[in-house]
Each structure stands twice: as C-alpha cells, then as structure tokens.
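Residue numbers (the working numbering): 26 to 212.
Right, here's the structure in full:
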C-alpha cells in the first residue's frame, strides 16, 4: 500500500477509535496503575463517597479492558504489563513504594527453600502475586497517615545495607518451623 493510502487508512482507524491512539501493553498497564492510584487517593479524601468512587473506578477499568480488546490486547498482557509498571515504580520512587505497600494485597505462598551460595546458610523466599485494589486500605487509614514505612525509614534501611523483609514473611516462616526466615540468623 502506498504511503498516501496507508495514511488515510490510519486516519480512518483513528476516527473509529474515538480519536485516541491504540493501546500498547505498556500504555495499558500504565493506565491501569494510574486509574487505581487515583481511585485510592480519592478514597482517602475526607468525606469521600466510596460507592460513587468505586463505581467510577470499575466503569473506567471495564472501559480500559474493552478498548484494549478492540486494539488486540488480552487481559493477561495488560495485567502482566501493569505488574512490570508496579515493580519499576517501586524501584524508582519511595513514595510509590509506600503507596503500593498501603494499598496492595500480596498473597504469599509457602516459603521455598533456596541455597544462598554461602556454606551453612539457607535463605527462604516467598513468592506471590501483587494485586492492587483501591479499597484494600480499609477505613482505619485516615488522610495524612503514613503506612508501613515512611520514606525516611526506607532510605535509612537502604543506607544501612540491611534487607527489609515484610513481617508477614517472617511470621509465615516461623509458623512452619523456620526460625530465621527473612531475618538475621544465628550467624
């Protein structure tokens, strides 16, 4: 097809999509994370109408998935891409990490024993899937309250060189007979 006809075809498709660009897996994942983050922020405002916000959020997410299906993307591609966006956001900024820890649900699997590479030391890792839902923070979190760790605590941990492990990992491991899961061992 010549460039002229290709441009006309692309313009026609652009108009059919309602004057919007096609979603790529990355742009769809970023959109999903942004919608979730905005809904979470709106729910934390004083006097927020939770039902109205959640209805709007669910409508926007269903519209996003419908548009992605029109553009040839599957829900699995969008979900995988949003997990990549979440992980890269956690690496880049402390505020994003704090938001994720306050609003995400991380269901843990049983610890998997892995060798750490040093003789006499065994590390345990916990695998899980991160799912974000704006309502998971619950009513006990009021506006202005930091959850889990503040930015200062995160940066103090990164400077000290110690690895931070969630308490749920330690508790889960101790319940299964591993006394030193995720923490400092007897060495």
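For glycine and all other residues, C-beta sits at the position ideal for the given N, C-alpha and C.
Close-in-space but distant-in-sequence residues of the same chain around residue i (CB under 7 Å, 5 per side omitted)
i: residue 204; result: Because residue 204 sits at a pLDDT of 47, beneath the cut-off of 50, its placement in the model cannot be relied upon, and the point is left open.
i: residue 85; result: 60
i: residue 50; result: 98, 102, 103, 106
i: residue 73; result: 67
i: residue 100; result: 90
i: residue 28; result: none
i: residue 109; result: 54
i: residue 62; result: 124
Residue i, buried or exposed, once every other Cβ within 10 Å from all chains shown has been counted against 16
i: residue 71; result: exposed
i: residue 58; result: buried
i: residue 120; result: exposed
i: residue 82; result: buried
i: residue 30; result: exposed
i: residue 116; result: exposed
i: residue 111; result: buried
i: residue 56; result: buried
i: residue 37; result: exposed
Nonlocal neighbours in the same chain, by C-beta distance under 6 Å from residue i, ignoring five residues either side
i: residue 93; result: 48, 53, 103
i: residue 96; result: 47, 48
i: residue 88; result: none
The ligand GTP heavy atom lying under 7 Å from the CB of residue i
i: residue 125; result: With respect to the ligand GTP, the structure shown offers nothing to examine, as it has no ligands at all.
Sequence-distant residues of its chain with Cβ nearer than 8 Å to residue i (five each side left out)
i: residue 78; result: 64, 67, 68, 159
Any C-beta of chain C under 8 Å from that of residue i
i: residue 93; result: Annotation note: the requested chain C is absent from the structure, which comprises a single protein chain.
Segments of 3+ residues assigned as beta strand (DSSP E) that fall wholly inside the stretch 59–93: none
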